[in-house]
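Under the working numbering, think of the first position of the sequence shown as 56, with each following residue one higher. Glycine included, C-beta positions come from ideal geometry on N, C-alpha and C.
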Amino acid sequence: PRGAAFDTMSSSASSCRQQSRPRRITRAASRAAAAALLSDSPGEVVAHILKQCEPRDLGALACTAQWLHPLLELALRLRAGENGHALPKKLPLGDDSCHRRVQVLLSLERRRAQLGRRTIAAGMSHPP
């Protein structure tokens, strides 16, 4: 009942299905590709991307990727400047202090975020 045309159609459909399946990328390969993308891009471009991240995420990056410290510092400086925040006049100097500078800038960022929150007190008893 089935003809040669049907067999040809079904075999071409199955080969088409096999070709359209996406290749699975391992998590390690994905991370390596992301790191290569960041390391191959111009520093200022990466800093402008990083400044969009939350302070919590920047802190995690600072702990896991030491080579990103100068870019994280630049991103935090850019964000502070755009938001009109002043930076301390004295920050640790030297290349070996870059991690410390990032930590200081991140702590300032967290303090600013907490100062912006408003707390409303509520309770059952209030003074008359």
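Query raised in the report: Hey, is Pro110 close to the ligand ATP, as in C-beta under 8 angstroms from one of its heavy atoms?
Result: Absence of the ligand ATP from the depicted structure is noted, as is the absence of any ligand whatsoever, leaving it without description.
Requested in this report: Use the C-beta contact count for Glu128: other C-beta atoms within 10 angstroms, 16 or more gives buried, fewer gives exposed.
Outcome: Counted from its first residue, the sequence shown places residue 128 at position 73. Glu128 is buried by the Cβ-count criterion.
Query raised in the report: Just the Cα atoms here: how many angstroms apart are Lys144 and Leu160?
Result: Locating residue 144 in the sequence shown gives position 89, where the first residue counts as 1. Locating residue 160 in the sequence shown gives position 105, where the first residue counts as 1. Taking the straight line joining both Cα atoms gives about 12 angstroms.
**Report entry** Among Ala120, Leu93, Pro97, nearest to Cys153 - alpha-carbon criterion
**Finding:** Position 98 of the sequence shown, counting from 1, holds the residue named residue 153. When each option's Cα is compared against that of Cys153, the closest is Ala120.
Query - Rounded C-alpha distance that separates Val100 from Trp122 - result: Your numbering for residue 100 matches position 45 in the sequence shown. Your numbering for residue 122 matches position 67 in the sequence shown. Taking the straight line joining both Cα atoms gives about 16 angstroms.
Query raised in the report: So is Ala84 buried or exposed if we call it buried at 16+ other beta carbons inside 10 Å?
Result: Taking the first residue of the sequence shown as position 1, residue 84 is located at position 29. It is exposed - the Cβ of Ala84 has fewer than 16 other Cβ atoms within 10 Å.
Query raised in the report: When the distance is taken between beta carbons, is Arg155 closer than 9 angstroms to Leu142?
Result: As a position in the sequence shown, residue 142 is number 87, starting the count at 1. As a position in the sequence shown, residue 155 is number 100, starting the count at 1. No, the Cβ-Cβ distance between Leu142 and Arg155 is not below 9 angstroms.
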